[in-house]
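Its first residue numbered 45, the sequence shown is counted upward by one per residue in my numbering. Glycine residues also receive a C-beta, built at the ideal position from the N, C-alpha and C atoms. Predicted, not measured: the structure shown is a model, and the values here were computed from it. First the structure, in the form of C-alpha cells, and then the observations on it.
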Amino acid sequence: DALTTVAVIEVSGLLDPVEVSYIETQVGAAEDAGAMVLVLQVNSPGHVVSDERMVELLDRLESSPVPIAVWIGQAGGRAYGGAGHFVTIAARSAISPGSQVGDFGRLNGQDPDPRYASAIDHRYDDDSAVSEGIVDVLSPTIGDFLLDLEDSGVIPVISEQVTLEEGGTIQRQLAPGVQ
45 DALTTVAVIE VSGLLDPVEV SYIETQVGAA EDAGAMVLVL QVNSPGHVVS DERMVELLDR
105 LESSPVPIAV WIGQAGGRAY GGAGHFVTIA ARSAISPGSQ VGDFGRLNGQ DPDPRYASAI
165 DHRYDDDSAV SEGIVDVLSP TIGDFLLDLE DSGVIPVISE QVTLEEGGTI QRQLAPGVQ
C-alpha cells in the first residue's frame, strides 16, 4: 500500500555525480511508488559536483510532490557543504546525538535563506543545531525521526501504542504494514 510506504535513502560520502544521480533516481522512485515521505539519511562531508549541479539537485528535491525529510546520522554523522543545504529544503529535519551540520558555503555565490546564514561558515553540534534552528529536532534514531514526522504532521499516523507486559509500560512503535 503506497500510503504506508516510507522511502529512506542513505546519502553517504562526497556528493559526486554518481551520488547526485542516485538521489535524483530515488526521488523519482519514491514519487512513482506514491511514498508518503522520502527521508535522506545524511552523512556527508560535502559536494564535489559544481554549485550549479548542487542547486539543480536542491531544486529537484524541493519541487517533489513527496515531502523530503532529512536525518543527519547515525551518531557521529555530518552534513557539511552542499549536504548541509539539504536541511534548507526539508519539510522537517533532525540530527542524531554526536552529529554535526554546517559549513554550507554559498552555492553560486548566493546566501542561503536567512534562517541558515550562520551556518555558511560555522559547524554546529547536535544541541546547538537544534537551539539555533538549523535543524528542527534532535532524534537519536531514524525510527524516532519517523515518529516525529508523524507528530509534526508531515506524514499521517504510522504508529501504534503497545503495552509492554513488564510493568504495563506503554510505548509507540511503527504499525505493521509500514514499509
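Residue pairing by DSSP places H91 opposite L59 in a beta bridge. With a cutoff of 8 angstroms on beta-carbon distance, G117 and I139 are scored as near each other.
Here the alpha carbon of A161 sits roughly 34 angstroms from the alpha carbon of T49.
Residue pairing by DSSP places E176 in no beta bridge whatsoever. Under the DSSP definition of a beta bridge, A51 partners with L82.
DSSP places I133 in the uninterrupted alpha helix (DSSP H) bounded by F130 to I133.
Pairwise C-beta distances place the stretch 182-190 out of contact with the stretch 152-169, as fewer than three of them are shorter than 8 angstroms.
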